[in-house]
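**Q** The structure that follows is given in the form of structure tokens.
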Amino acid sequence: MIIHVTDQAGENHELEGLEGWRVMEVIRDWGLNIKAECGGAMSCATCHVYVDKEWLDVVGAPSDEEEDMLDSVGDVRSNSRLCCQILCSDAIDGLKVTLAPSAAKD
Ligand code: FES
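Each residue of the sequence shown is one higher than the last, beginning at 920 in the numbering used here.
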């Protein structure tokens, strides 16, 4: 499965995802500019991405807990998600996300 990621510099990357991995892990392990400080425990919001509008229904809405965490960042939008909460599967093959400024390493 493939994930299309636009980084904070506007560069597009086509990453190969693995079934069962979190989207955050794929983006991090490919070396893109994502801090993902808590490693997927949903306690940092530094894996913040904007989900492409055409993929919002497929990915689904964030949980209340995730929404609370997203409220702690200044650049939240209606299509914001924490990508450690999105699991790779065939259903999201071709997913398009953009890394939020608040996900940057520094
Ligand atoms: S990596 Fe910390 S909330 Fe996703």
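The C-beta atom is built at its ideal place from N, Cα and C for all residues, glycine as well. Bear in mind that the values here come from a model prediction, so they are computed numbers and not experimental data.
1. Pull up the distance between the alpha-carbon of M961 and that of I1005, whole angstroms please.
2. Which of the three DSSP states, helix, strand or coil, is assigned to K972?
3. Looking at T965 and ligand 1, is the gap between the Cβ and the nearest heavy atom below 7 angstroms?
4. Is it a yes or a no for the segment 999 to 1017 touching the segment 920 to 927, going by three-plus beta-carbon pairs under 8 angstroms?
5. Considering only heavy atoms of ligand 1, does any lie closer than 7 angstroms to the CB of G958?
6. Using DSSP bridges, identify the partner residues of S999.
7. Taking 7 angstroms as the limit between beta carbons, can you name the residues of its chain near E933, skipping five residues before and five after?
8. Contact between the segment 994 to 1005 and the segment 966 to 978 is defined here as three or more beta-carbon pairs at a separation below 8 angstroms; is this criterion met?
**A** In this structure, then:
1. In the sequence shown, the residue the question calls residue 961 occupies position 42. In the sequence shown, the residue the question calls residue 1005 occupies position 86. Rounded to the nearest angstrom, the two C-alpha atoms are 11 angstroms apart.
2. On the sequence shown, position 53 is the one that residue 972 refers to. Here K972 sits in helix by DSSP.
3. Working through the sequence shown from its first residue, we reach residue 965 at position 46. Within 7 angstroms of the C-beta of T965 there is at least one heavy atom belonging to ligand 1.
4. These segments touch.
5. Start at 1 with the first residue of the sequence shown, and residue 958 comes out as number 39. Distances from the CB of G958 to the heavy atoms of ligand 1 include at least one below 7 angstroms.
6. The residue given as residue 999 occupies position 80 in the sequence shown. DSSP, once it has assigned bridges, lists Y969 as partnering S999.
7. Indexing the sequence shown from 1 puts residue 933 at position 14. If we look at E933 and ignore the five residues flanking it on each side, its Cβ neighbours are I921, H923.
8. Between the segment 994 to 1005 and the segment 966 to 978 there are three or more inter-stretch CB-CB distances shorter than 8 angstroms, so the stretches are counted as touching.
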